[in-house]
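Chemist: Right, I'll just put the structure down here and ask away after.
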Amino acid sequence: MKEFFIVTHTQATHHVDRLVGGWYDSSLTEKGLIDAAACGRRLVELELQGVPIYSSDLARTRQTALALSDCLKSEIILDARLREMSFGDAEGCSQDEIGGAILSSDGDNRLDFRNAYEGETKRELATRLYEVMQEIAQEDRAIICTHGYATTFLIACWIGMPIDSVGYVNFRVRSGSITCLVQDDIHSNRAVRYLGDMSHLDG
């Protein structure tokens, strides 16, 4: 059986400061560091010691991955393709003051709509995340440390959803959550065993 565990990075400074994230390189807060260690302890309970950790290269995911690795003694492989969606010129801006920096889709072609100046389209985001997920899926077990919205497209790839169908999909997960993807040995059927589990975090 194949098993993959997606860990969304824990609380970062841009959450607290209400800034647009994306590729904006925020760091974990003190709470984020505590929660990342709790994620690591849960993965130890799941007997994932030594299982490789694939991580986005942004600071908040690197810090989360490091906390996991400290618990699991696992190798960290950084990959920029696991980054969150880019919001271009809006990144690092106040969510309360961005005005027209984040654009609203007004048409049916949601895949090729660019949500901000110099930002990514959903098709561009999905294409790079599908590519890296397909590579990671060659493993039997792995941990993937990434971002909340990016998680949607890793799951969509895992269950075989065509990129042309992901215009409306959104599997909402919170910071510090763990999602488990599995594939059975008999029919190679793929499933989401659980989505966005947060039982390992206090409160």
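For the record, in the sequence shown the residue sitting at position 102 is 105 according to my numbering, with numbers rising by one throughout.
Each residue gets a CB set at the ideal place from its N, CA and C atoms; glycine is no exception.
(1) Helix or strand or just coil, what does DSSP make of G35?
(2) CB-CB under 7 angstroms to M4, same chain, minus the five flanking residues each way: which ones, in chain order?
(3) In the DSSP assignment, find the unbroken alpha helix (DSSP H) run with C96 in it and report its ends.
(4) Straight-line CA distance for A15 to S30?
(5) What residues are listed by DSSP as bridge partners for T11?
(6) Can you find the residues in the same chain that come closer than 8 angstroms, C-beta to C-beta, to R44, ignoring five residues on each side of it along the sequence?
(7) How long is the line joining the alpha carbons of L207 and E33, rounded to whole angstroms?
(8) Please return the same chain residues whose Cβ sits closer than 7 angstroms to the Cβ of V176, not counting the five positions on each side in sequence.
(9) Since D73 is in the alpha helix (DSSP H), which residue starts that stretch and which ends it?
Modeler: Considering the structure as presented:
(1) helix
(2) V185, Q186, D187, D188
(3) Premise fails: C96 is in no alpha helix (DSSP H) and is neither H nor E.
(4) 5 angstroms
(5) T149
(6) C74, H203
(7) Residue numbering for the chain in the displayed model covers 4 to 206; residue 207 lies beyond these limits and cannot be assessed.
(8) T11, G151, T154, T182, L198, G199
(9) 62–75
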